[in-house]
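A short write-up of the structure that comes next.
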Amino acid sequence: MGRPGFIFRNLMRHKARTFMTGFSVFLAFVLFGLLLALKQAFSFGVDLAGADRLITIHKVSLVQLLPIAYRYPIEQVEGVEVAAHFTWFGGYYREPNNQLPVFPTEIDSFLQIYSEFSIPPEQLAVWRGNRTGLLVGKTMADSFSWKVGDRISLASNIFENINGGNSWEFTIDGIFRGAGNGVDEFQAYMHYDYFNESRTFARDEVGWFLVKISDPADADQVAKSIDQIFANSPNETKTTTEKGFVQAFASQVGNIGKIVTFIMAIVLFSSLLVTGNAIAHGVSERTAEIAVLKAMGYTDLQALRLILSENLLLTLLFGGLGLLFAVVLTGALRFMLAKYLPGLALSGVQLLFALAVLLALGLISGLVPAYRAMALDVAEALSRR
Amino acid sequence: MIENKRLLDLIKVSRYYRKGKQQIKVLDQLDLQVNASEFVALMGPSGSGKTTLLNLIGGIDKPTSGQILASGQDITKLSSVKLGKWRAKNVGFIFQSYYLMPHLNALQNVELPLLLTKFSAKQRRQRAMAALEVVGLKQRVKHRPSELSGGQEQRVAIARAIVGDPMLLLADEPTGDLDATTTGEILSLLKSLNEDYKKTILMVTHDHTAADYADRTISLSKGRVGQDTHG
Ligand SMILES: Nc1ncnc2c1ncn2[C@@H]1O[C@H](COP(=O)(O)OP(=O)(O)O)[C@@H](O)[C@H]1O
Ligand SMILES: [Mg+2]
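Chains as they are written, first to last, in our numbering: chain A, 1 to 385; chain B, 1001 to 1231.
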């Protein structure tokens, strides 16, 4: 038996107590991990809403299309950086009920709008040059086991192909990532030219424009200016600033963030109490034994280290398992909730943070009992009966 | 001759306790010399300071004043870390209630003091086995304290005290919890450690027959050495 063996045996001495304490640490860190991921997801929600992006749609409804030529007047408006257009393709893969978010778009403005998308450069180059290329999000690619180079056909329940039928052929040219930046990875983008030239109706029309503005503070003004251009035309527009929406959403999310932080603090604090209490209990029971160890020659510091090590082993082991479980759970939830909470993820930085918290918890909860072991007076402890 | 080599020299050692406003002088200017390889029985009424004296000599308590020289070194001047190292090397404690770790088996209990040394796992094991053999418990190494009799538990505790090969064994009423037969066995064991292994032993006891195993009997009274008889 070495020192690690001694520490381990001390922990195994009261198995039920150790496991219950450990389990509470485990649960605390499963929760902590999930809450961290959730907090992240919510904070990404705000970014995603994009305070610097406006949406211009047909005044009548989203279903009405707009002329693609609107792009240029929109981009002339002061404060507008770029306008990209998108159209709802109404695509599905094999399963008609399972509509996929697939959007025809124009590559350059698209890339300017969505600079947070991460696409391998060589894949981007291939996509740019391939008319029937499709850029697919990682989550979507994974859920259909699509790989770069795969040829697939999507059906559209809106647009017929000039070749007859509603089937559209694509090559998977690129897979984009970006969940770490709050990007929804369950979507796909196709070339507008291919779409436009191959459909049987509504040529040169688009679903909506996404407008990037240079200063979110000007959002109201820019939106008004855009709509003014097309006033009294056959296709009037409605540009939503999203500002009110974003603000309301942000304050709600901010509150959620605070609540989540508050819950995390409570979870950790209660875990601290449970662990500290259990360890303190163990140490006070072992007063005489610790005194005997010191009589054998254990120094005060070695006694401190022994108790701290026991506590650290307990918390790191169970807390670490808890975090591991949280990672697995987050992965599963992220897949299931990909459409709703694209940012749900535990990043390496967060994991490091959680580990630091775990280490701190282990040290802090063990501090009082370890200090007591260190300060224990041998002669006095042994005379107590 | 080795018998005459001075191991312990206590010079005007006092240990006072403060109880409220009162000062209790448990040991008061006590002088005592112990030679290497002596077997000393320490007697005296309850509360006369026997345990206190043993604790001071073993370096787990500090005197209010006075010097305690062990092989010429004043241990009262040592820092707590150095004193810990000194204890590990030089002293083995044996207590009335054994103080074994209930969750460790006999072998593991005996190995405990060696965890502070640089011995390898194999060496620790070998030494612990050897110590258990000396106390006659080679057949019980895997037993936990709860699976041993009182006498066997005290043997394990003695093995633990000698495993680091200290010069000095300090036993505080080692047979206080044992019946007469077992008491005799433990005392014989201590005697053989003294005779065969030349251990210096200080043993607190209330029992005159126990004292008969020792070479010398000291009784404490009024905080000092009262009677001091050899043989
Ligand atoms: N930590 C302590 N605080 C106060 N008084 C103590 C302490 N330890 C021992 N004493 C007192 O010192 C006296 C001697 O104690 P002790 O050395 O244990 O006697 P013995 O072992 O001879 O019975 C007793 O009166 C006891 O109450
Ligand atoms: Mg006593």
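Idealized CB from N, CA, C, for every residue including glycine.
Near chain A, meaning a CB-to-CB distance below 7 Å, the residues of the segment 1059-1087 of chain B are I1060, D1061, S1080, V1081, G1084, K1085, R1087.
Neighbours of B/Q1108 across chain A, judged by C-beta separation under 9 Å: M1, G5, F6, R9.
Nearest Cα to B/I1162 within the set B/K1021, B/R1087, B/K1222: B/R1087. In the structure shown, A/Y194 falls within a helical segment according to DSSP collapsed to helix, strand and coil.
Judged by beta-carbon spacing, A/F176 lies within the 7 Å limit of A/I119, meaning their Cβ atoms are closer than that value. Taken through DSSP and simplified to helix, strand or coil, A/G79 comes out as coil.
Residue burial annotation: A/L62 is exposed, with fewer than 16 other C-beta atoms found within 10 angstroms of its C-beta. Nearest C-alpha to A/N235 among A/R3, A/M12, A/L65: A/L65. Here the distance from the Cβ of B/T1175 to the nearest heavy atom of ligand 2 is not below 6 Å. Boundaries of the beta strand (DSSP E) around A/E169: 167-176.
The beta-carbon distance between B/L1007 and B/M1203, rounded to whole angstroms, is 15 Å. This is too long to meet the 8 Å contact definition. With a 10 Å radius around the Cβ and a threshold of 16 neighbouring Cβ atoms, A/V292 comes out buried. Between A/I279 and A/P369, the gap from beta carbon to beta carbon is short of 7 Å. Residue A/V267 holds the alpha-carbon nearest to the alpha-carbon of A/G33 among A/L337, A/V267, A/L367. Chain order gives the chain B residues near A/E289 as Y1099, M1101, where near means a beta carbon separation below 7 Å. Per DSSP, A/E185 has no beta bridge partner at all. Contact of B/F1093 with chain A by beta-carbon distance below 8 Å involves V292, A295, M296. Classified as buried, B/P1113 has 16 or more neighbouring CB atoms from the shown chains inside 10 Å of its CB. Where A/Y371 is concerned, the enclosing alpha helix (DSSP H) starts and stops at 348-375.
Under a 10 Å Cβ-count criterion, A/P104 is classified as buried, with 16 or more other Cβ atoms of the shown protein chains found around its own Cβ. Fully contained in the segment 265-297 of chain A is no beta strand (DSSP E) run of length 3 or more. Residues of the segment 1021-1045 of chain B with a C-beta atom less than 9 Å from some C-beta of chain A do not occur. Assignment of beta-bridge partners to A/V136 by DSSP yields A/I175, A/A188.
For A/R13, at least one C-beta of chain B is nearer than 7 Å to its own C-beta.
For B/F1095, the beta-bridge partners assigned by DSSP are B/D1172.
In this structure A/Q40 is in contact with A/Q350, their Cβ atoms being roughly 7 Å apart against a cut-off of 8 Å.
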